[in-house]
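Chemist:
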Amino acid sequence: MQQAVPDKELLEAPTAGEGATCRSCAHCPWMAMNGLQAIAEALELEGSNHEVYVDERLLERALVPLNRMLDFAATLRG
Numbered sequence: 002m003q004q005a006v007p008d009k010e011l012l013e014a015p016t017a018g019e020g021a022t023c024r025s026c027a028h029c030p031w032m033a034m035n036g037l038q039a040i041a042e043a044l045e046l047e048g049s050n051h052e053v054y055v056d057e058r059l060l061e062r063a064l065v066p067l068n069r070m071l072d073f074a075a076t077l078r079g
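Numbering of the sequence shown is given in the working numbering, commencing with residue 2 and proceeding in unit increments.
Laid out in structure tokens, this is it:
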């Protein structure tokens, strides 16, 4: 993100909510375990190891931030 707007100072937002033990996704040891190879495999390979099941009642609300992220990524590509 910083590379896209080098003239701006970006601050990481705290993500810890009620009951959360974390401070920010930018410092999350679990997120750090997601390497590029594993992410590429999850996106490219079929199989139940890479499926995410979302309750139908949550589906519409869950798509809102996902679509925002995809739209943002599209603007970076031009």
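For glycine and all other residues, C-beta sits at the position ideal for the given N, C-alpha and C.
Since this is a predicted model, take the numbers as computed values, not measurements.
Alpha carbon to alpha carbon, what distance is there between M2 and P30?
Modeler: So the alpha carbons of these two residues sit roughly 20 angstroms apart.
Chemist: Taking just the CA atoms, how far does N35 sit from E52?
Modeler: In a straight line, the C-alpha of E52 is about 16 angstroms away from that of N35.
Chemist: I'd like the list of long-range same chain contacts for R78, defined as Cβ closer than 8 angstroms, with 5 residues on each side in sequence excluded.
Modeler: Within the same chain, R78 has no close Cβ partners at all.
Chemist: Let me know the secondary structure DSSP gives L59 once reduced to three states.
Modeler: It is helical.
Chemist: Between Q38 and P66, what straight-line distance do the alpha-carbon atoms span, to the nearest angstrom?
Modeler: Approximately 24 angstroms between the Cα atoms of the pair.
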